[in-house]
Every structure is written in structure tokens, then in C-alpha cells.
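Encoded as C-alpha cells, the structure appears first; notes follow it.
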Amino acid sequence: LCYASLSVGALRVEFSQPVNLEEVARINPEVKTGGRFAPKDCVALQKVAIIIPFRNREEHLKYWLYYLHPILQRQQLDYGVYVINQDGEEEFNRAKLLNVGFAEALKEYDYDCFVFSDVDLIPMDDRNTYKCYSQPRHLSVSMDKFGFRLPYNQYFGGVSALSKEQFTKINGFPNNYWGWGGEDDDIYNRLLFKGMGISRPDAIIGKCRMIQHSRDRKNEPNPER
Numbered sequence: 044l045c046y047a048s049l050s051v052g053a054l055r056v057e058f059s060q061p062v063n064l065e066e067v068a069r070i071n072p073e074v075k076t077g078g079r080f081a082p083k084d085c086v087a088l089q090k091v092a093i094i095i096p097f098r099n100r101e102e103h104l105k106y107w108l109y110y111l112h113p114i115l116q117r118q119q120l121d122y123g124v125y126v127i128n129q130d131g132e133e134e135f136n137r138a139k140l141l142n143v144g145f146a147e148a149l150k151e152y153d154y155d156c157f158v159f160s161d162v163d164l165i166p167m168d169d170r171n172t173y174k175c176y177s178q179p180r181h182l183s184v185s186m187d188k189f190g191f192r193l194p195y196n197q198y199f200g201g202v203s204a205l206s207k208e209q210f211t212k213i214n215g216f217p218n219n220y221w222g223w224g225g226e227d228d229d230i231y232n233r234l235l236f237k238g239m240g241i242s243r244p245d246a247i248i249g250k251c252r253m254i255q256h257s258r259d260r261k262n263e264p265n266p267e268r
């Protein structure tokens, strides 16, 4: 079993130079088609599906793959990356895409842990392990966007991890949030209602950088927030 993480700690994360997919493939020769990787020398403790809700963010996705593949390999995870794309002109529905990702990933492999990540968030410390815990895990606890602090205690947005059992216990995520925001607060309330708490890394290890962007026209703030 893989008990030792190969993590190095704090990372330099910047977005000044464009990244291309050929470079991502070149520096990650062990990653197989479909974004799949498993450690060669030991058996990973968890099988992790990383679900990314997506629309019109190709440049962000390249940065995400460039930074995250090396991190996830150092964390000795048996993982797969699933980019769930929303087509068409309707407003963005993040939570619905996450539900689709959960179902599609399980068709391919017996995952027991699911990390739900926005495409524009990059961890700044690889000790922030993208895996599941006994309680649902909020991974993006101190973003540069919020001055490296939680915007409010119940915040569960950005990057989170739920085991298969935890996700099933809350019957997945709410499908009725169109537009930006609101669904992560609903998810937090669902978890609490089912008797679960939220675990978090400390603020130093949980630092994240957000890739700057203008908001998608079809991702306006949700008036139901």
C-alpha cells in the first residue's frame, strides 16, 4: 500500500506563460489516455475520480492539467480526471454537471472517492491531498481571491471531496441551480442535515490560486442565492 506521499510542500503557481497540451503530455509520461494514473510501486489507498464542471475555459483547463497531474502523482493516488462539458446556450449548472460526472466515472472504474473541482483553482501546496476523509472535505480553504481566508464558515465551494458513501447519503447535488452560486451552500446544508461535518486542511496547506477570468455571460449570479 502507498503510505508515503512524495509531496514537496509549498508550490510556485503562476499563469504568465501559456501552456499547451503537448507539454502537459511530455512532462507526465505515466498518465494514460483519459487522464488515468495509478502508482507503479504500491497500491493506492483510494481510487479517486476528479470531476471538473466545464464550459469555454480551454486555457484554464490547460493550466489545471499542467499543475495538477504532477501533484496528484506525487500524492500516490489511483486517479482519473473527468471534464464534464456543458454544451448549448443555457445558464451554467455546476451541480448538475457534478452529478453527471459522478455517474459517468463509476461506469468506467470502481472509484471510492470523488473530488469536485472548479477548473480555475490550483492548489499552492501539494500536502493538500486530493482524497477523501471520514467527513466531507473542503480542500480550497484559503483562496487568493478571498485574501487567503474563508469568506464565511459554511463555505463549501471551489474544491471539495466526498466519498462514494457520503455523496450517496445526500442523494447527490441539487440540480436546480442555474447560473453562478448557491449550490455549494445547499450542499453544505444537505451534509449537515445528514449528520456530517466538514473537515478542512489548515489555512497554509489549503492555499489556492484562482486563474483570473471574466464571468461567462451564461453564468450570471443566481437570484435564488
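Residue numbering for the sequence shown follows my numbering, beginning at 44 and increasing consecutively. Note that the Cβ used here is the ideal one computed from N, Cα and C, for glycine as well. Note that the structure is predicted; figures quoted are calculated from it, not measured.
Check, Outcome
"Measure the CB-CB distance between residue 171 and residue 164 and report whether it falls below 7 Å.", "no"
"For residue 226 and residue 49, what's the separation of their Cα atoms in angstroms?", "34 Å"
"Taking only three categories from DSSP, how would you classify residue 98?", "coil"
"Looking only at DSSP bridge pairs, what is residue 125 linked to?", "94"
"What does residue 184 pair with, by DSSP beta-bridge criteria?", "For residue 184, which the question treats as bridged, DSSP gives no partner whatsoever."
"Can we say the segment 129-141 touches the segment 70-77, given the rule of at least three CB pairs closer than 8 Å?", "no"
"Classify residue 92 as buried or exposed, calling it buried when 16 or more other Cβ atoms lie within 10 Å of its own Cβ.", "buried"
"Quick one: using the 10 Å Cβ neighbour count with 16 as the cut-off for buried, is residue 129 buried or exposed?", "buried"
"In the structure shown, what three-state DSSP assignment does residue 54 receive?", "coil"
"So what does DSSP say about residue 166, is it helix, strand or coil?", "strand"
"Can you tell me which residues form a DSSP beta bridge with residue 192?", "DSSP, once it has assigned bridges, lists no residue as partnering residue 192."
"Would you please state the rounded distance, in angstroms, between the beta carbons of residue 161 and residue 54? I believe it to be under 8 Å.", "About 18 Å separates the two Cβ atoms, so there is no contact after all."
"When the Cβ atoms of the segment 145-157 are set against those of the segment 183-201, are three or more pairs found closer than 8 Å?", "no"
"Since residue 58 and residue 125 are thought to touch, with beta carbons under 8 Å apart, how far apart are those beta carbons, to the nearest angstrom?", "Not a contact, Cβ separation roughly 23 Å."
"Count the other CB atoms within 10 Å of the CB of residue 121; is the residue buried (16 or more) or exposed (fewer)?", "buried"
"Name, in chain order, the residues that DSSP records as bridge partners for residue 204.", "158 and 180"
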